[in-house]
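In the working numbering, the protein residues as written are 323 to 589.
Note that the Cβ used here is the ideal one computed from N, Cα and C, for glycine as well.
All remarks here apply to the structure that follows.
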Amino acid sequence: MLEDISFILKQVKEIIQKGGVVAFTGAGISVESGVPAFRGESGLWEKYDPNIYGNILGLGTTFLISPQKVASFVMDVYGTVLNARSNPAHLILARMEQAGLLDAVITQNIDNLHQEAGNGNVIELHGNLFIMKCMKCGNRKKMGKQEIEEMLSSINKSLYFRFKLFRTFLSLFPKCSCKGQMRPDIVLFGEMVPEEAMEDSFSEIERCNSLLMIGTSGVVYPAASLPYYARKNKKIVIELNEEQTSLSSIADYKLLGKASEILPKLL
Ligand code: NAD
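In structure tokens form, the structure reads like this:
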């Protein structure tokens with residue numbers, strides 16, 4: 323069995339050394355940075371009902387009835403991501419890009435950890451918590467960590483004062499120069515994945531030699547259709563995950579284990 327694993331590792335290493343790799347990452351790559359995945363014991367949706375907190379209608383209605391609940395959710399999500407740091411798996415992907423072996427990272431994550439690690443070509447399918455987007459004109463604005471920390475601190479100070487919390491929330495998310503309201507640029511349930519991100523992903527996959535899927539359960543669409551697109555285009559598909567997933571059946575190579583332990587062995 324051990325021989326099997328080292329044989330697969332050796333083969334995958336050879337594929338990576340040939341270059342033209344595109345990484346397709348999910349929540350699992352950031353688990354060791356302290357950001358829980360969607361599902362599983364400490365998953366976000368174990369704590370918060372996705373029917374309420376996962377869509378704009380649920381969030382808006384809950385905010386009107388009980389703003390404290392939405393405030394606690396926002397503080398929890400942003401607090402977790404603010405405290406997270408890139409782990410060895412993110413850093414290896416950045417080194418692979420610097421070495422000219424990795425063309426792009428296509429990620430479902432919203433935590434900015436690939437950019438923090440040093441990757442330059444990151445396609446974000448579900449947006450980024452640190453970017454605000456105008457709901458009127460679509461203009462985007464990047465927020466610094468300090469700005470977000472100040473935002474969380476104001477929410478915290480108003481947490482037990484209903485009307486103050488309303489006002490704080492409305493003033494926190496910045497106004498655009500077109501006077502439109504901005505909101506975090508993330509894709510909630512029922513919202514569309516940006517067309518440009520999907521198109522860029524298709525182009526990267528068409529050009530690549532191999533697709534390296536890391537820490538994704540492959541159940542969120544349309545993101546999960548990308549490995550099938552790679553397969554259809556006759557690319558080598560490699561899966562790195564702690565467990566079997568719905569994408570395992572289309573992987574040519576399967577590496578079972580933690581991303582931060584396996585990835586350093588590939589470079
Ligand atoms: P998921 O929660 O459905 O699945 C996570 C996968 O990662 C599982 O298959 C699990 O076995 C695997 N995994 C867990 N720890 C691992 C490790 N250390 N090494 C390797 N694999 C590991 O995540 P998903 O497929 O990305 O689901 C989609 C949604 O989750 C996306 O829409 C994404 O936006 C959202 N999400 C993102 C973050 C983040 O930005 N870090 C966190 C939670 C959820």
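Requested in this report: Pick out the complete alpha helix (DSSP H) segments inside the segment 344-401, 4 residues or longer, and give them in chain order.
Outcome: 350-353, 366-369, 372-375, 378-387
Report task. With DSSP collapsed to three states, give me the class of Y482. Result -> coil
Query raised in the report: Can you check whether the CB of I527 is closer than 7 Å to the CB of T347?
Result: no
Report task. Let me know the secondary structure DSSP gives S539 once reduced to three states. Result -> In the three-state DSSP reduction, S539 falls in the coil class, being neither helix nor strand.
Query - Beta-ladder partner(s) of T429, from DSSP - result: Paired residue(s): T347, E446.
Query raised in the report: If you compare alpha carbons, which of V343, G422, A545 is closest to E521?
Result: A545
Requested in this report: State the start and end residues of the unbroken beta strand (DSSP E) segment that holds I560.
Outcome: Run containing I560: 558-563, per the beta strand (DSSP E) assignment.
Query raised in the report: DSSP beta-bridge partners for M504?
Result: C456
**Report entry** Residue from R417, L451, N531, N443 with nearest C-alpha to I337
**Finding:** N531
Report task. Over the uninterrupted beta strand (DSSP E) stretch that includes R417, give me the two end residues. Result -> According to the DSSP assignment, R417 belongs to no beta strand (DSSP E) but to the alpha helix (DSSP H) extending over 410-420.
Report task. Name the two residues that bound the continuous beta strand (DSSP E) containing K464. Result -> Segment 462-464, the beta strand (DSSP E) holding K464.
Report task. Measure how close the beta-carbons of L510 and G401 come, nearest whole angstrom, since I'm counting them as under 8 Å. Result -> With a Cβ gap of about 19 Å, L510 and G401 do not count as contacting.
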